[in-house]
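Structure first, then comments.
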Amino acid sequence: MSYLVRRLEFFVITLWAALTLNFILPRVMPGDPGQAMLVRYHGRVSPETIKAIEVAFGLHSNEPVLQQYLEYLRNTFTGNFGTSVTFFPVPVGDIIKQGLPWTLGLVGTATIIAFLLGTLLGMLSAWRRGGFFDAILPPAFIVISAFPYFWLGLFALLVFAITLGWFPLGFAYDLTTSINLSWDFIGQVIWHGALPALTIVITSIGGWILTMRNTMITTLAEDYVKMARAKGLSPVRIMLMYAGRNAILPNLTGFAMSLGFVISGAILVEIVFNYPGLGFTLLQAVHSEDYALMQTLFLMLTVAVLVAVLAADVLTAILDPRTREQG
Amino acid sequence: MAVRVVTDQPAVETPVVADRRGLLATVARALASNRKAVAGLALFGFFVLIALLAPVIAPYDPSALQFDQMLPPSGRHLLGTTGTGQDIFSQLVFGTRESLLIAVLAGLGATAVSVLIGVSAAYMGGLWDHILNLFTDVFLVLPTLPLMIIVGTYLNNRGLLVLIGVIVITGWSYGARQLRSQALSLRNREFLEAARVRGERSLYIIVFEVLPNMTSLIVAIFFGAALYAVLAAAGLQFIGLGDPNSLSWGTMLYWAQANGALLAGSPVWVLAPGLCIASLGAAFALINYAFDEIANPALRPAKKRR
Chain A
105 MSYLVRRLEF
115 FVITLWAALT
125 LNFILPRVMP
135 GDPGQAMLVR
145 YHGRVSPETI
155 KAIEVAFGLH
165 SNEPVLQQYL
175 EYLRNTFTGN
185 FGTSVTFFPV
195 PVGDIIKQGL
205 PWTLGLVGTA
215 TIIAFLLGTL
225 LGMLSAWRRG
235 GFFDAILPPA
245 FIVISAFPYF
255 WLGLFALLVF
265 AITLGWFPLG
275 FAYDLTTSIN
285 LSWDFIGQVI
295 WHGALPALTI
305 VITSIGGWIL
315 TMRNTMITTL
325 AEDYVKMARA
335 KGLSPVRIML
345 MYAGRNAILP
355 NLTGFAMSLG
365 FVISGAILVE
375 IVFNYPGLGF
385 TLLQAVHSED
395 YALMQTLFLM
405 LTVAVLVAVL
415 AADVLTAILD
425 PRTREQG
Chain B
55 MAVRVVTDQP
65 AVETPVVADR
75 RGLLATVARA
85 LASNRKAVAG
95 LALFGFFVLI
105 ALLAPVIAPY
115 DPSALQFDQM
125 LPPSGRHLLG
135 TTGTGQDIFS
145 QLVFGTRESL
155 LIAVLAGLGA
165 TAVSVLIGVS
175 AAYMGGLWDH
185 ILNLFTDVFL
195 VLPTLPLMII
205 VGTYLNNRGL
215 LVLIGVIVIT
225 GWSYGARQLR
235 SQALSLRNRE
245 FLEAARVRGE
255 RSLYIIVFEV
265 LPNMTSLIVA
275 IFFGAALYAV
285 LAAAGLQFIG
295 LGDPNSLSWG
305 TMLYWAQANG
315 ALLAGSPVWV
325 LAPGLCIASL
335 GAAFALINYA
345 FDEIANPALR
355 PAKKRR
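Here it is, written out as structure tokens:
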């Protein structure tokens, strides 16, 4: 299982890099956000919170850096992220817990739809080289992939919500109702999520179409595909089970590595639609210079991407026997 | 932000350059016969021209608050006016300058870092390659926008150079990865072996033997990075992390959103700058893709169905 071990190494190192970046940034950046926060908090919060802020922002200049670092790591792993300024005095952890499901639901669903649909279209496009799909789709999606996510979101908002009135103007559900598990509420969530999800699907699908097409062109030239044709297998079977199946693996790896880009775009989409996920929370944190919240959001988004990457790696290891052979 | 899918496909072997003029002529011929390249270059040239001739084209001073607010498009104001009474068309024309400048400078910066890290990783090999490659992958996976937002907020300096710097720091990794895999495939070719036997220094070999053979990939990476820069800058300026007093398409979108242009019945204010960003981005994307096709003939559209 050396493949999985190597990927696990990558997971741990990237996580460590993100954690360390989070630790270093406030210390090397100009200005003194930590001191500013302490002044703002003075007399309003418990001594433990003050201590956490001091640790997070490196205000104990008399303590050795290594000790600060270890204390920071311990705080992070025990979920002690400090208190938010924006939503004072709610702990940062609680705010993240509210936003995370919305982001995961929206981005996860949209990304999976985009991946499946894009892979299928890329497959068709490579199978019929020079055909209808191949002539229209790749160039069209090269152009669409150049659109800013948020602008496409604004455009969708203008056409479908403001002009036509088919969809709501934003947020994840009707603010008049509270969160519950009724069918009515689930319907609301889907109805509110449709436009943001559509925006993410349209802007991210082009990447999957193009890579799938390009990988599939390579696999179509392989001998086993010629052999399958010579055996007289049905074209659909060759396309799906021979050429397509082998082209999916590199696409899956690419899928995982590109999630960071998707998350970045999704943050802007959430902002446009006032969607109550982590991206929207991030904007609020920026506006009130809420450093503790901002940094934890960065950490959480990184962890979300890394877990998805690891999942894709495990899937690759299951699907591709070659990753298991090399001992 | 565009999705850039990363695959581990082996890099295409490029032909060894015979002489410099021959290479440029080949690239020029390949570009002229590629429709995507022609469309992309034409669009790019169009924006360069607008940026250069901005004072001639724009009918009014872009920042003068001299007109009625939120006027609809008309003969006097082609695209109407903003919530503070500036002429939107003039703003759009002058905004081209900063948007183009950010794209080109950040694109160049990111490409330089990509070349430095990607090529050294492949050339040095061994442990260095492992470390640099891991470093590249880490930057590839980290969600760049939150990182850019945090750095931008900390710096609390909304200047142009900060914006470009932040984009370069977060935008180099994709190109570095591509360059590394191509440089790896070049590593053991005879002409490099010959240079080593001649006793050339590593720096000479990298600059005069390896890099010229990767020209088309480096150009493709530049346009890819420029596309990333256009979208990243627009995104950052849109959420207010740019200089709000500067004149660029992203800043126009920020003010349009801050004034609720969509709901206030002034959609042109949002649509026009967005369309410009999308067109400039599309130009870069088309050129980038055309260079990919030039470097890898297998991807070219089939002339006829077999």
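As given, the protein sequences belong to chains A and B, one line each in that order. FYI, our numbering numbers position 259 of the first sequence as 363, with every residue one higher than the one before it. FYI, our numbering numbers position 207 of the second sequence as 261, with every residue one higher than the one before it. The beta-carbon is built from N, C-alpha and C at its ideal position, and this holds for glycine as well.
Between residue i and residue j, what straight-line distance do the alpha-carbon atoms span, to the nearest angstrom?
| i | j | result |
| --- | --- | --- |
| L299(A) | L273(A) | 9 Å |
| V340(A) | L108(A) | 33 Å |
| F101(B) | F254(A) | 22 Å |
| L112(A) | A360(A) | 14 Å |
| I375(A) | I128(A) | 28 Å |
| Y282(B) | G137(B) | 30 Å |
| V222(B) | G311(A) | 22 Å |
| G369(A) | I204(B) | 16 Å |
| E67(B) | A337(B) | In this prediction, E67(B) has a pLDDT of 45, which is less than 50 and means its spatial position is unreliable; what the coordinates show is noted afterwards. So the alpha carbons of these two residues sit roughly 26 Å apart. |
| L177(A) | L119(B) | 52 Å |
| L214(B) | L387(A) | 21 Å |
| L372(A) | G161(B) | 22 Å |
| I248(A) | T305(B) | 22 Å |
| N318(A) | G257(A) | 29 Å |
| L133(B) | V322(B) | 7 Å |
| I342(A) | G336(A) | 10 Å |
| A218(A) | N355(A) | 13 Å |
| G203(A) | M398(A) | 13 Å |
| S320(B) | F292(B) | 17 Å |
| P109(B) | F98(B) | 19 Å |
| R83(B) | I294(A) | 51 Å |
| A157(B) | A280(B) | 5 Å |
| G149(B) | D238(A) | 36 Å |
| L265(B) | A318(B) | 53 Å |
| Y208(B) | V216(B) | 11 Å |
| S168(B) | F193(B) | 12 Å |
| A421(A) | P252(A) | 34 Å |
| A112(B) | G348(A) | 52 Å |
| E175(A) | F402(A) | 19 Å |
| Y379(A) | V305(A) | 16 Å |
| L72(A) | L262(A) | Shown here, chain A extends from 105 to 431; a query on residue 72(A) therefore has no answer. |
By a C-beta neighbour count over all protein chains shown, 10 Å radius and 16 as the cutoff for buried, is residue i buried or exposed?
| i | result |
| --- | --- |
| A260(A) | buried |
| W120(A) | exposed |
| W287(A) | exposed |
| V418(A) | exposed |
| G440(A) | Outside the shown range of chain A, which is 105 to 431, sits residue 440(A), and nothing can be said about it. |
| Q171(A) | exposed |
| D191(B) | buried |
| G314(B) | exposed |
| E263(B) | buried |
| N242(B) | exposed |
| M178(B) | exposed |
| A389(A) | buried |
| T400(A) | buried |
In chain A, what lies closer than 9 Å to residue i by C-beta?
| i | result |
| --- | --- |
| G328(B) | F251, P252, F254, W255, L256, L258 and F259 |
| A332(B) | V247, I248, A250, F251, P252, W255 and L256 |
| D183(B) | Simply none; closest approach about 14 Å. |
| A336(B) | I246, V247, I248, S249, A250 and F251 |
Please list, in chain order, the chain A residues whose beta carbon lies closer than 8 Å to that of residue i.
| i | result |
| --- | --- |
| A339(B) | I246, V247, S249 and A250 |
| K194(B) | Sequence check: residue 194(B) is Leu here, not Lys. In chain order: M361 and G364. |
Counting only Cβ pairs nearer than 8 Å, list the residues of chain B close to residue i.
| i | result |
| --- | --- |
| L372(A) | M55, L199, G289, F292 and I293 |
Anything in chain B within Cβ reach of residue i, meaning under 7 Å, just list it in chain order.
| i | result |
| --- | --- |
| L177(A) | Those do not exist, as L177(A) stays about 18 Å from chain B at its closest Cβ, beyond 7 Å. |
| I375(A) | I293 |
Is residue i near the ligand ATP - that is, is its Cβ less than 7 Å away from at least one heavy atom of it?
| i | result |
| --- | --- |
| T182(A) | Although the ligand ATP was asked about, the structure shown includes no ligands whatsoever. |
At a CB-CB cut-off below 7 Å, which residues of chain A make contact with residue i?
| i | result |
| --- | --- |
| P321(B) | L262 |
| Y343(B) | I246 |
| T207(B) | V390, E393 and M398 |
Find the residues of chain B that neighbour residue i, judging by a C-beta separation of less than 9 Å, and give them in chain order.
| i | result |
| --- | --- |
| L204(A) | Correct list: empty, because the minimum Cβ distance to chain B is about 14 Å. |
| L268(A) | The premise fails here: L268(A) is roughly 13 Å from chain B at the closest Cβ pair, so nothing lies under 9 Å. |
Whole alpha helix (DSSP H) elements within the region 134-205 of chain B, 4-residue minimum
142-178 and 180-195, all fully within the region 134-205 of chain B.
Return the residues of the region 287-319 of chain B that lie within a Cβ-Cβ distance of less than 8 Å from chain A, sorted by chain order.
Correct list: A288, G289, F292, I293, G294, L295, L307, Q311, L316 and L317.
Below 8 Å between beta carbons is the criterion; list the residues of the region 388-420 of chain A that meet it against any residue of chain B, in chain order.
Going along the region 388-420 of chain A in chain order, one finds V390, H391, E393, Y395, M398, Q399, L401, F402, L405, T406, V409, L410 and V413 with a Cβ nearer than 8 Å to chain B.
Given a limit of 9 Å on CB to CB distance, which residues of the region 351-368 of chain A reach chain B?
The region 351-368 of chain A vs chain B, Cβ under 9 Å: P354, N355, T357, G358, F359, A360, M361, S362, L363, G364, F365, V366, I367 and S368.
Every unbroken alpha helix (DSSP H) within the region 224-256 of chain A, with a cutoff of 4 residues, ordered by chain:
List check, alpha helix (DSSP H) in window: 236-248.
What are the residues in the region 86-97 of chain B lying within 8 Å of chain A by C-beta distance?
When C-beta distances to chain A are compared with 8 Å, the residues of the region 86-97 of chain B below that value are K90, in chain order.
Contact set between the region 106-121 of chain A and chain B, restricted to residues whose Cβ is under 8 Å from the partner
Answer in chain order: F114, I117, T118 and A121.
Check distances from the C-beta atoms of the region 209-227 of chain A to those of chain B and list, in chain order, the residues that come in under 8 Å.
For the region 209-227 of chain A, there are no residues whose beta carbon sits under 8 Å from a beta carbon of chain B.
If we require 4 or more residues per run, which alpha helix (DSSP H) segments fall completely within the region 268-321 of chain B?
Whole alpha helix (DSSP H) segments, 4+ residues: 269-292 and 303-312.
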